[in-house]
Every structure is written in structure tokens, then in C-alpha cells.
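S.K.: Numbering-wise, this note's numbering puts 89 at position 8 of the sequence shown, and it's gapless, one number per residue. For each residue, glycine too, the CB sits at the ideal point set by N, CA and C. Fair warning: this is a prediction, and the values are worked out from it, not measured in the lab. This structure is in C-alpha cells; I'll ask about it shortly.
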Amino acid sequence: MTIEAPEKLPQGTYYYIIEYTDNNNKKHTKGSWLYIKK
Numbered sequence: 082m083t084i085e086a087p088e089k090l091p092q093g094t095y096y097y098i099i100e101y102t103d104n105n106n107k108k109h110t111k112g113s114w115l116y117i118k119k
């Protein structure tokens with residue numbers, strides 16, 4: 082889903098995953114969720 086400014090996200094639960102490499106070239110994956118209530 083892509084939301085253009087100034088649109089707002091609809092109510093619901095959203096999940097995200099972030100993958101990154103640290104300064105030692107070690108890969109990490111972090112994920113969580115958030116709930117938007119209107």
C-alpha cells in the first residue's frame with residue numbers, strides 16, 4: 082500500500098520488517114506491528 086501526502090492511513094494493524102547491515106557487515110532483521118485507531 083502506498084499512501085500519498087496528505088492522505089492518512091486507514092484504521093487497522095500494520096506490520097513492518099526492517100533489514101539492515103551494521104558497521105561490522107552483520108545483517109539484522111527487526112519486525113513489529115502497530116495499530117492505528119481513529
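Quick check on this structure: which residue in Pro87, Glu88, Gln92 has the alpha carbon closest to the alpha carbon of Tyr116?
M.R.: If you number the sequence shown from 1, residue 116 lands on position 35. With distances taken between Cα atoms, Tyr116 lies closest to Gln92.
S.K.: By DSSP, does Lys111 sit in helix, in strand, or in coil?
M.R.: For this step, residue 111 is matched to residue 30 along the sequence shown. Reduced to three states, the DSSP call for Lys111 is strand.
S.K.: Under 8 Å Cβ to Cβ from Lys108, same chain only, skipping five residues before and after it: list those, please.
M.R.: Counted from its first residue, the sequence shown places residue 108 at position 27. Excluding sequence neighbours, Lys108 sits near Glu100, Tyr101, Thr102.
S.K.: On the DSSP letters alone, give me the boundaries of the beta strand (DSSP E) that Thr94 sits inside.
M.R.: As a first step, residue 94 is located in the sequence shown; it is residue number 13 there, counting from the start. Counting along the chain, the beta strand (DSSP E) containing Thr94 begins and ends at 93–102.
S.K.: Name the DSSP bridge partner or partners of Ile117?
M.R.: By one-based count along the sequence shown, residue 117 stands at place 36. Answer by DSSP bridge pairing, in chain order: Gly93.
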